[in-house]
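Have a look at the structure below, then the notes.
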Amino acid sequence: ERLCFFRVGFAARRGERLAVRAADETAKAPAEAPPAPAPLEPAPEGFSKICAFEDLPRGDRKKVDALGKSILIFWYKDTVVCIEGRSPAEGAFSEGFANARLTQDGCIVCPGTASTFDLKTGEIKAWYPENPVLRRLTPLETCRPMEVFPVLVRPDGIFVDIKNGSLGPNFRAATTSGGSDTSLENNNVYAVEPRMYVQGADGTEIAVEDGVDSAAAEKMDPGTLAISIAGVAALALGGSATCVFYENYVALGLFWLVGFGLAAQKSLEVTGALEEDE
Numbered sequence: 015e016r017l018c019f020f021r022v023g024f025a026a027r028r029g030e031r032l033a034v035r036a037a038d039e040t041a042k043a044p045a046e047a048p049p050a051p052a053p054l055e056p057a058p059e060g061f062s063k064i065c066a067f068e069d070l071p072r073g074d075r076k077k078v079d080a081l082g083k084s085i086l087i088f089w090y091k092d093t094v095v096c097i098e099g100r101s102p103a104e105g106a107f108s109e110g111f112a113n114a115r116l117t118q119d120g121c122i123v124c125p126g127t128a129s130t131f132d133l134k135t136g137e138i139k140a141w142y143p144e145n146p147v148l149r150r151l152t153p154l155e156t157c158r159p160m161e162v163f164p165v166l167v168r169p170d171g172i173f174v175d176i177k178n179g180s181l182g183p184n185f186r187a188a189t190t191s192g193g194s195d196t197s198l199e200n201n202n203v204y205a206v207e208p209r210m211y212v213q214g215a216d217g218t219e220i221a222v223e224d225g226v227d228s229a230a231a232e233k234m235d236p237g238t239l240a241i242s243i244a245g246v247a248a249l250a251l252g253g254s255a256t257c258v259f260y261e262n263y264v265a266l267g268l269f270w271l272v273g274f275g276l277a278a279q280k281s282l283e284v285t286g287a288l289e290e291d292e
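In the working numbering, the protein residues as written are 15 to 292.
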């Protein structure tokens with residue numbers, strides 16, 4: 015009996031030592047690394063990354079110029095919204111929606127007219143609500159809806175479909191380089207004149223380019239032009255005086271004829287008219 019008790023006790027202590035050793039080896043074994051996150055699928059076609067998710071904190075508004083459009087992106091409650099940067103009610107003279115007030119019913123307020131636009135659809139909710147005179151003088155039909163853009167929020171950034179806004183894929187609002195935000199005091203109401211179009215005889219619209227051709231501008235240097243005029247005037251005066259002194263009126267006529275021809279040719283060269291004809 016003593017031998018059996020000794021064997022049982024020995025086996026129990028040996029089992030405890032093995033259990034302790036196994037526990038120590040388990041504790042020393044390195045923990046398995048968590049599985050790597052699955053890679054994100056590419057953004058849908060048409061969506062462009064505007065900024066990283068952390069670059070647009072709540073309360074901030076980010077203005078971006080892309081594909082010829084000025085857009086404004088910001089948080090509204092728990093949703094990221096993207097709209098056009100300026101109010102359709104004011105156009106180029108608007109200071110923009112950068113500091114515009116938001117309403118509790120999901121609208122943004124035009125800073126100049128107090129008109130409200132829906133952040134989801136862009137439709138006009140209130141038209142001149144604080145000015146009944148202008149509301150009557152300026153019909154609602156004279157203002158288009160505000161353009162709203164689809165937004166996709168993902169862990170790798172915020173994406174916007176700029177091409178397919180609420181007003182259609184081919185819509186582009188008229189823009190100028192003027193507006194209130196072009197002065198330090200944000201009170202500049204003047205804008206650079208936008209591109210103009212004239213209608214040709216066949217009904218096609220032809221763009222009227224602003225400014226003067228750069229090559230012609232280089233040729234029409236003010237200093238060179240002044241010296242040329244002075245030289246021609248001196249030559250004409252001296253030649254005319256010489257012909258009159260000798261009473262050679264035939265030579266005087268030929269002198270002026272040749273002089274006018276050379277002056278006309280030089281003028282065409284300076285203005286670039288000869289190159290345009292070629």
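Idealized CB from N, CA, C, for every residue including glycine.
This one's a predicted model, so the numbers in the text were calculated from it and none came from an experiment.
Rounded to whole angstroms, what is the Cα-Cα separation between residue i and residue j?
i	j	result
VAL258	TRP270	13 Å
GLU199	ILE241	With a pLDDT of only 49 at GLU199, under 50, the local geometry of the prediction cannot be trusted, and no value is derived from it.
TYR204	TRP89	Note that TYR204 scores a pLDDT of 47, beneath 50, so its modelled location is shaky; the value from the coordinates is reported in the next line. Going by the C-alpha atoms only, they are around 31 Å apart.
LYS139	ILE85	20 Å
ARG100	PRO58	27 Å
LYS63	ARG150	42 Å
ALA230	GLU283	Summary for ALA230: the model assigns pLDDT 45, below 50, so the residue's position carries little reliability, and this model does not support an answer.
PRO153	PHE131	16 Å
ALA244	LEU181	59 Å
GLU98	PHE163	8 Å
GLY120	ASP92	12 Å
ASN145	ALA52	56 Å
GLY267	SER254	9 Å
LYS134	MET160	10 Å
PRO143	PRO169	40 Å
TYR263	ALA248	19 Å
Taking its Cβ as the centre, do 16 or more other Cβ atoms sit within 10 Å of residue i, making it buried, or is it exposed?
i	result
ILE87	buried
ALA66	exposed
GLU15	The pLDDT assigned to GLU15 is 48, lower than 50, so where the model puts this residue is not dependable; a value taken from the coordinates is nonetheless given after this. Its Cβ having fewer than 16 others within 10 Å, GLU15 is exposed.
GLY73	exposed
GLY179	buried
LEU276	exposed
LEU70	buried
VAL147	exposed
Could you tell me which of the options sits nearest to residue i, measuring between CA atoms?
i	options	result
PRO102	GLU137, LYS91, ASN113, LEU81	GLU137
ALA278	GLY252, VAL246, LEU251	VAL246
GLU68	PRO49, VAL94, PRO56, ALA128	VAL94
PRO125	THR256, LEU151, ALA114, LYS177	ALA114
LEU54	ALA248, LEU276, GLY171, GLU144	GLY171
PHE274	ALA250, PRO159, GLU161, ALA80	ALA250
ARG75	LYS177, ALA265, ILE122	ILE122
LYS177	PHE61, LEU276, LEU268, LEU166	PHE61
THR156	VAL147, TRP141, PRO169	TRP141
Check the C-beta distance from residue i over to residue j and give it rounded, since I have them as a contact under 8 Å.
i	j	result
ARG186	GLY110	Going by Cβ atoms, the distance from ARG186 to GLY110 rounds to 17 Å, so no, they are not a contact pair.
LYS77	ALA128	That pair is no contact at about 22 Å.
VAL165	VAL174	6 Å
Ignoring anything shorter than 3 residues, give me the beta strand (DSSP E) runs that lie fully in the stretch 42-126, in order along the chain. 62-65, 75-80, 83-90, 93-98, 121-123
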